[in-house]
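What follows is one structure encoded as structure tokens, with my remarks underneath.
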Amino acid sequence: MILAVWAVVIASALWGTTGTAATFLSSDVSPLATGSATMAIGGALLFAIAARPAARAIADPRTRRWLLVGAIGVVIYPLAFYSSMSLAGVAIGNVVSLGSGPLFAALLEWRVSRRPLTRQWMLAAAIAISGVVMLAAGGHGADSPVNPDEVPIGVAVGLLAGASYALYTFTSAEVIARGHSSRATMGAVFGLGAIPLAVVLAVTGAPLVQSISNVSIITYLALGPMFLAYVLFGIGLRRLRSSVVTVITLLEPLMATLLAVAIVGERLDPLGWAGLAVILLGVTLLSPARRPRLRAPRT
């Protein structure tokens, strides 16, 4: 259990560097190119290291539907995530995208697994939603490099990222619960998602190869926060509930915020800091408000 927790902690720390690293790409690189490149390359690598068990998982009629649905989340997530950070800033984009993940994960468990929503969960969700509203209403100071007019749109796109993140986390847990290894599951879901993402990359990715700097940054994003982080993420998901995993990953927006302020130069106004704190409080309260999921024994 401790190994699983630390695996997710390290993965979250790597993810926390993505937004700051992406700011060093040239201005002609779109967030769609960044997201599709990192997830397509990383997804292909994840499939490559687990090709046979991943193929068995895809061929398994008990899990094929879950993998296809999860792949939809894999496709949407990086495109929405990097777009959110581009519009709302690294700090706010990260917090909304990852902070809303546990909320959507609980809604999926309620709708699909028929797990009831408790009063404590509803209170925690209301707190988290209030924080999102505070971020959308303001957030960045006057000397911040982020355009405040684009923040509400970035928050909305961040919610889409949170929903898609919860989708592939939830469906991956369902596949693992049906007897497939975390390695096979990660390879299958990200390998399937890499196919349409490669198409997006082919359309938008030309500026990525026009400088050594861009290539270096994308290589880091694909091998570190994508490939290595998701190998570690799979280890954690094997032993932990998807709802617990999404709470641990709150370390990502914490690190992302610190890097955004210290390196990128983002400046949050009091309303922004308050909104961040309220979201983190609400999401922290979500975990104990929910019951453990029963898992089928692994073969």
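With the numbering used here applied, the sequence shown covers 230 to 528.
Yeah, the Cβ is synthetic: ideal placement off N, Cα and C, and Gly gets one too.
Since the model is a prediction, treat every value here as computed from it, not as a measurement.
query	result
Quick test of your reading: L466 and I405, contact by CB under 8 Å. State the CB separation rounded to the nearest angstrom.	7 Å
Is V474 buried or exposed, if buried means 16 or more other CB atoms sit within 10 Å of its CB?	buried
What number of angstroms, rounded off, separates the C-alpha of N376 from the C-alpha of T246?	21 Å
Just mark P563 as buried or exposed, buried being the case when its beta carbon has 16 or more other beta carbons within 10 Å.	One cannot answer for residue 563 here, as it falls past the ends of the chain, which runs 230 to 528.
In terms of residues, what are the limits of the alpha helix (DSSP H) holding V386?	380 to 406
Is it right to say V432 is buried, meaning 16 or more other beta carbons lie within 10 angstroms of its own, or is it exposed?	exposed
Would you list the one or two residues that DSSP bridges to L497?	H369
Specify the secondary structure class of I508 as computed by DSSP and reduced to three states.	helix
Counting Cβ pairs closer than 8 Å, one from the stretch 488 to 495 and one from the stretch 324 to 342, do we hit at least three?	no
Determine the burial state of L254: buried for a count of at least 16 other Cβ atoms within 10 Å of its Cβ, exposed for fewer.	buried
Is it the case that the Cβ atoms of M484 and G271 are separated by a distance below 7 Å?	no
Please return the same chain residues whose Cβ sits closer than 6 Å to the Cβ of E379, not counting the five positions on each side in sequence.	L316
Return helix, strand or coil for V438, following the three-state DSSP convention.	helix
Under 8 Å Cβ to Cβ from R520, same chain only, skipping five residues before and after it: list those, please.	For R520, the predicted model reports a pLDDT of 41, less than 50, meaning its position is unreliable; a value from the coordinates is still stated below. Closer than 8 Å at Cβ, skipping near neighbours: R344.
How would you label R294, buried or exposed, when you count the other beta carbons within 10 angstroms and need 16 or more for buried?	exposed
Taking 6 Å as the limit between beta carbons, can you name the residues of its chain near F310, skipping five residues before and five after?	S326, A390
Taking S312 as the reference, give the member of G387, E403, D289 with the closest Cα.	G387
Could you give the C-beta distance for M415 and S393, rounded to a whole number, given that I count them as a contact under 8 Å?	Rounded, the Cβ-Cβ distance is 16 Å, inconsistent with contact.
For V444, count neighbouring C-beta atoms within 10 Å of its own C-beta (all shown protein chains included) and say buried if the count is 16 or more, exposed if not.	exposed
Drop a sphere of 10 angstroms on the beta-carbon of R281, count the other beta-carbons inside from all chains shown, and report buried for 16 or more, exposed for fewer.	exposed
Suppose the cutoff is 6 Å on Cβ atoms and the five residues either side in sequence are ignored; what does the same chain contact list for G302 look like?	S393, L396, Y397
Taking only three categories from DSSP, how would you classify R467?	helix
Can you grab the Cα-Cα spacing for the pair I231 / L469, in whole Å?	10 Å
Is the beta carbon of A250 closer than 7 Å to that of L437?	no
What is the C-beta distance between A320 and L497, in whole angstroms, given that I count them as a contact (C-beta under 8 Å)?	6 Å
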